[in-house]
Amino acid sequence: MALPVECDILVIGGGNAGFCAAISAAESGARRVIIIDKCPEEWAGGNSYFTAGAFRTVHHGLKDLLPIVNNVDEKTAQKIDINPYTTEDFTRDLDRVTSGRTHPALSRVLVQESNGAIKWLARNGVRFQLSFNRQAYEVDGRFKFWGGLSLKTEDGGKGLIKDHRQAAQRLGVKTFFSTAAKRLITDPTTGEVTSVVVSHHGRDSEIKAGAVILAAGGFEANPRMRAQFLGPHWDVALVRGTPYNQGDGFEMAIRDVSAKQAGNWSGCHCVAWDANAPTDTGDREISNEFTKSGYPLGIMVNRRGDRFVDEGSDMRNYTYAVVGRQILNQPGHVAFQVWDSRTIPWLRAEEYRPEVVQQITASSISELADKCAEHGLEDRQRFIQSINDFNHAVYQSQRENPGLKWDPAVKDGMSTQSSTTNLSVPKSNWALPIDQGPFLAVKVTAGITFTFGGLAVNPETAAVVSSTTHAEVPGLYCVGEMLGGIFYDNYPGGSGLTSGAVFGRRAGQAAAQAARVSKSMSARL
């Protein structure tokens, strides 16, 4: 396809948020909607492609979700326990993990429109499933969902992008790859964004647009910007997703229209990641399977053999996005996750099977220490002592609390703390001794997912706000990772894709309306 010289809506970025914005604009009456993405087509989908496809949403329980999922038959439905997840629950979780810093109006829109946005996606062909593999444990013959998160897309991020592309095609939305946005052009009188200078396969041209939607991702793949904004050591973090999220969308908007910056520019989503994964880019085949999220079932020790984090402080959904930062701050930016035969069977196969991770196995703790030393462990004696201290503390706690039952689907209270023994680094839930062989360890590091800093927007329309006038920049909208103000330090798992859908949908509607008004005014002139 030849690159058009004008359109109604131009979306910059082809991840989940960008596609949601484009689809919404087309549904709202915009006839010529195009998406441009600087990546080649083989890298389609941005960071969204690399996700597990989890969507956090308000819902009224299993009956509310069953109509939009495709992997539950009648017999299975009888064995599922899913508590309703209310607006109060979602709001409380978002406020709690961000320490009360989340923007009230933005978070209110996210929470209140989450259910409608999910069902809108389903109507547009996104295939949802209950996330048995990631968000449920089978306990006493029942599938117990936990952490307020139940939905994922079929085939994760790969399936999500496939479904988005098919929906966009049905609506006549055209996508152009290897096309980078370089400059926003504004009307000198009104300040309205009227066109974008782009580089298409290395050749510059200008596309006139009724409205422009920024959905170009954060700066997580740019080591210079990571070190500049996130701080020391962040330039060595491994990149989980696309290598094309370099932050140039921010720099363009700030330079060309004085876009106001907002949110947590020193914060990001960063997970425990396979230490042997590629450094500067995700793997499109293995994708999210490099995540190593089984730490609540065991312990983590650093290269010196010390535990450094409470692995059971909360449900994994509320800790996995910050545990990478804690690993990054350890010597050598690495750690070892450790389990014994009690919990190895509970690990997710897609993350821990030998095809995707280098397993370090042994029949004794001493042997495990020797083998970990071959992978960078510096103090084997401290490693052994840390596990012995942990085991002693667990047994002391169990003696004082004989009625507690280990249950990975709830915060079970099984900890390392007791009246006689208190570890300086506790494990607050799911603490079991690590003394029954065989034993398993894997080496992990920090894998950055997306950055939290972004641009200020009007929560009602996702219109970009000017830092000079503090008013909306006419004709310019912002969604996805580029939208700042929702997440600080941490985020509730699955809320990133939901944010992209909620605000992408709003931006598409608002942009389509703005384009109609702009076209009408031009016609009268």
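Numbering (the numbering used here), first residue to last: 17 to 541.
Cβ atoms here follow ideal geometry from the backbone N, Cα and C, with glycine treated the same way.
On a predicted model such as this, the values are computed, not experimentally measured, just so you know.
Length of the line joining the Cα atoms of His-249 and Asn-345: Working through the sequence shown from its first residue, we reach residue 249 at position 233. Working through the sequence shown from its first residue, we reach residue 345 at position 329. So the alpha carbons of these two residues sit roughly 8 Å apart.
Neighbourhood of Phe-106 by C-beta, 6 Å cutoff - its chain only, sequence neighbours within 5 removed: Along the sequence shown, one-based indexing puts residue 106 at 90. Cβ neighbours of Phe-106 beyond the five flanking positions: Val-74 and Val-127.
Is Lys-91 buried or exposed, if buried means 16 or more other CB atoms sit within 10 Å of its CB? Counted from its first residue, the sequence shown places residue 91 at position 75. Counting Cβ neighbours within 10 Å, Lys-91 comes out exposed, since fewer than 16 surround it.
Give me, in chain order, the residues of the same chain whose beta-carbon lies closer than 8 Å to that of Phe-245; leave out the 5 immediate sequence neighbours on both sides. The count along the sequence shown starts at 1 and reaches residue 245 at position 229. If we look at Phe-245 and ignore the five residues flanking it on each side, its Cβ neighbours are Phe-235, Trp-281, Ser-282, Thr-467 and Gly-469.
Could you give the distance in angstroms between the alpha-carbon of Gly-298 and the alpha-carbon of Cys-286? Position 282 of the sequence shown, counted from the start, is the residue given in the question as residue 298. Position 270 of the sequence shown, counted from the start, is the residue given in the question as residue 286. One C-alpha to the other measures close to 14 Å.
Determine whether the beta carbon atoms of Leu-81 and Ala-93 lie at a separation below 8 Å. To locate residue 81, count along the sequence shown from 1; it is residue 65. To locate residue 93, count along the sequence shown from 1; it is residue 77. No, the pair does not count as a contact, with Cβ atoms beyond the cut-off.
If you compare alpha carbons, which of Ile-177, Pro-204 and Pro-454 is closest to Glu-383? As a working mapping, residue 383 is identified with position 367 in the sequence shown. Of the candidates Ile-177, Pro-204 and Pro-454, the one whose C-alpha sits nearest the C-alpha of Glu-383 is Pro-454.
For a test of the three-state rule: what should DSSP assign to Tyr-493, helix, strand or coil? As a first step, residue 493 must be located in the sequence shown, where it is residue number 477. Strand at Tyr-493.
If you run the structure through DSSP and keep just helix, strand and coil, what is Trp-162? One-based indexing of the sequence shown puts residue 162 at position 146. Correct three-state label for Trp-162: coil.
Can you give me the C-alpha to C-alpha distance between Tyr-153 and Ile-360, rounded to a whole angstrom? Taking the sequence shown and counting its residues from 1, one reaches residue 153 at position 137. Taking the sequence shown and counting its residues from 1, one reaches residue 360 at position 344. For Tyr-153 and Ile-360, the distance between alpha carbons rounds to 14 Å.
3-residue-minimum beta strand (DSSP E) runs that sit fully inside the region 406 to 475, ordered along the chain: 455 to 467
Assign Tyr-86 to one of two classes, buried (16 or more other C-beta atoms within 10 Å of its C-beta) or exposed (fewer than that). For the purposes of this step, residue 86 is identified with residue 70 of the sequence shown, where counting begins at 1. In the sequence under discussion, the amino acid at residue 86 is Asn, which differs from the Tyr named in the question. By the neighbour-count rule (16 or more Cβ atoms within 10 Å), Asn-86 is not buried but exposed.
Distance CB(Tyr-493)-CB(Val-480) smaller than 8 Å: Against the sequence shown, residue 493 aligns to sequence position 477. Against the sequence shown, residue 480 aligns to sequence position 464. Closer than 8 Å, so yes.
DSSP three-state label for Ile-229, please. The residue labelled residue 229 in the question sits at position 213 within the sequence shown. Here Ile-229 sits in strand by DSSP.
To which residues of the same chain is His-217 closer than 8 Å at the C-beta, ignoring the five residues directly before and after it? Position 201 of the sequence shown, counted from the start, is the residue given in the question as residue 217. Correct list, in chain order: Ser-194 and Thr-195.
Return the Cβ separation of Glu-222 and Ser-215 in integer angstroms, given the expectation that the two are a contact with Cβ distance under 8 Å. Sequence index remark: in the sequence shown, residue 222 carries index 206 (1-based). Sequence index remark: in the sequence shown, residue 215 carries index 199 (1-based). So it is not a contact: roughly 11 Å between Cβ atoms.
Out of Val-460, Pro-56 and Ile-134, point me to the one whose CA is closest to Arg-319's CA. The residue you call residue 319 lines up with position 303 of the sequence shown. Nearest option by C-alpha distance: Val-460.
For Phe-148, report the span of its alpha helix (DSSP H) as first-last. One-based indexing of the sequence shown puts residue 148 at position 132. First-last of the alpha helix (DSSP H) with Phe-148: 148 to 151.
Rounding to the nearest angstrom, what Cα-Cα distance links Trp-59 and Arg-186 in this structure? Reading the sequence shown from its first residue, position 43 is the one you call residue 59. Reading the sequence shown from its first residue, position 170 is the one you call residue 186. Cα to Cα, Trp-59 sits roughly 21 Å from Arg-186.
In the DSSP assignment, find the beta strand (DSSP E) that holds Arg-199 and state where it starts and stops. For this step, residue 199 is matched to residue 183 along the sequence shown. Per DSSP, Arg-199 belongs to the beta strand (DSSP E) from 195 to 202.
Should Gly-500 and Ala-278 be called a contact, given that it needs their Cβ atoms to be closer than 8 Å? Position 484 of the sequence shown, counting from 1, holds the residue named residue 500. Position 262 of the sequence shown, counting from 1, holds the residue named residue 278. Yes; because the gap between Cβ atoms is below 8 Å, this pair is in contact.
If you run the structure through DSSP and keep just helix, strand and coil, what is Arg-341? Counting from 1 along the sequence shown, the entry for residue 341 is found at position 325. In this structure, Arg-341 counts as helix in the three-state DSSP scheme.
Would you give the residue range spanned by the beta strand (DSSP E) that Glu-390 belongs to? For the purposes of this step, residue 390 is identified with residue 374 of the sequence shown, where counting begins at 1. Premise fails: Glu-390 is in no beta strand (DSSP E) and is neither H nor E.
Buried or exposed (CB count within 10 angstroms, at least 16 for buried), His-180: Here residue 180 refers to the residue found at position 164 of the sequence shown. Classification of His-180: buried, given that the 10 Å Cβ count is 16 or more.
Cα-Cα separation, Gly-141 to Lys-178: Counting from one through the sequence shown, the residue named residue 141 turns up at place 125. Counting from one through the sequence shown, the residue named residue 178 turns up at place 162. Looking at the two C-alpha atoms, the distance is approximately 10 Å.
Where do the ends of the beta strand (DSSP E) carrying Asp-326 lie? In the sequence shown, counting from the first residue as 1, residue 326 sits at position 310. Per DSSP, Asp-326 belongs to no beta strand (DSSP E) and is neither H nor E.
Neighbourhood of Leu-313 by C-beta distance below 7 Å, restricted to the same chain and skipping five residues each side: Taking the first residue of the sequence shown as position 1, residue 313 is located at position 297. Excluding sequence neighbours, Leu-313 sits near Trp-355, Thr-359, Trp-362, Leu-363, Pro-424 and Trp-446.
Buried or exposed by the 16-neighbour rule on C-beta atoms within 10 Å, applied to Asp-89: Within the sequence shown, residue 89 is the residue found at index 73, counting from 1. Exposed, by the Cβ-count rule.
For Asp-24, count neighbouring Cβ atoms within 10 angstroms of its own Cβ and tell me buried if that reaches 16, exposed if not. As a position in the sequence shown, residue 24 is number 8, starting the count at 1. Buried.
Using DSSP's beta-bridge definition, name the partner residues of Ser-215. For the purposes of this step, residue 215 is identified with residue 199 of the sequence shown, where counting begins at 1. Per DSSP, Ala-196 and Asp-220.
Span of the alpha helix (DSSP H) around Thr-92: Locating residue 92 in the sequence shown gives position 76, where the first residue counts as 1. From DSSP, the alpha helix (DSSP H) with Thr-92 extends over 90 to 93.
Mind checking Met-268: buried by the 16 CB within 10 Å criterion, or exposed? The residue you call residue 268 lines up with position 252 of the sequence shown. With 16 or more Cβ atoms within 10 Å of its Cβ, Met-268 is classed as buried.
Need the endpoints of the beta strand (DSSP E) that Ala-351 sits in, please. The residue you call residue 351 lines up with position 335 of the sequence shown. It spans 350 to 355 - the beta strand (DSSP E) in which Ala-351 sits, taken as one unbroken run.
Does the region 519 to 528 come close enough to the region 31 to 47 that 3 or more CB-CB pairs lie under 8 Å? yes
Boundaries of the alpha helix (DSSP H) in which Leu-19 is found, first to last residue: Counting from one through the sequence shown, the residue named residue 19 turns up at place 3. Note, Leu-19: premise wrong, no alpha helix (DSSP H); not H, not E.
Quick one: residues in its chain with C-beta nearer than 6 Å to the C-beta of Gly-348, no 5 flanking neighbours on either side, listed in chain order? Position 332 of the sequence shown, counted from the first residue, corresponds to residue 348. Within the same chain, Gly-348 has close Cβ partners Arg-319.
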